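Residue numbers (the numbering used here): 14 to 168.
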């Protein structure tokens, strides 16, 4: 009878700021989480990811390597960040040189079930639930759809 290799989830080698709250189970490893943050259950935050102060990451979200989230952000339930663009025609696998970074500005709110490809998002942006962000967002405003597009600018 074959036995699978069982990998345990948990919290390992995380640089926590003050007054951080996490709800287990979650898988956080080798990342940085700023002061006064909240991380919901069934969340994975991978090696090298950075979460800015006072940001909230709701349940079932996935924040992969090469993602930086600014301060005072809200990441809704089930938000997925992607670092592999399949630039070689398929998954990069262990070829991390093919991965790309994502940088989220300050005061950004990302609705539930949004997918964020490797992009840069300016400060003061709202991303609607279910949106797919495929290109940089350089101006404050509300964006939604697949692909995400500007619905209303913010002044």
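Beta carbons: idealized from backbone N, C-alpha and C, even for Gly.
Keep in mind it's a predicted model, so treat the numbers as computed, not measured.
Rounded C-alpha distance that separates residue i from residue j
i           : j           : result
residue 127 : residue 45  : 22 Å
residue 28  : residue 43  : 7 Å
residue 32  : residue 66  : 10 Å
residue 48  : residue 57  : 18 Å
residue 87  : residue 18  : 35 Å
residue 107 : residue 24  : 23 Å
residue 135 : residue 15  : 50 Å
residue 77  : residue 117 : 13 Å
residue 149 : residue 114 : 12 Å
residue 110 : residue 95  : 14 Å
residue 85  : residue 34  : 15 Å
residue 144 : residue 133 : 15 Å
residue 156 : residue 52  : 24 Å
Residue environment, residue i, which counts as buried when at least 16 other CB atoms sit within 10 Å
i           : result
residue 98  : exposed
residue 159 : exposed
residue 101 : exposed
residue 74  : buried
residue 22  : exposed
residue 36  : exposed
residue 162 : exposed
residue 83  : buried
Contact belief for residue i with residue j at Cβ below 8 Å, rounded distance in angstroms
i           : j           : result
residue 138 : residue 154 : 6 Å
residue 166 : residue 152 : 6 Å
residue 72  : residue 90  : 5 Å
Collapsed DSSP secondary structure at residue i in the structure displayed
i           : result
residue 109 : helix
residue 147 : coil
residue 101 : coil
residue 157 : strand
residue 14  : coil
residue 117 : strand
residue 25  : strand
residue 130 : coil
residue 125 : coil
residue 20  : coil
residue 140 : strand
residue 167 : coil
Cβ-heavy atom distance, residue i to the ligand NAD, below 7 Å
i          : result
residue 74 : What this structure holds is no ligand at all, so the ligand NAD is not there to describe.
Item checked: Length at least 3, wholly inside the region 30-88: the beta strand (DSSP E) runs in chain order -> 40-42, 80-82
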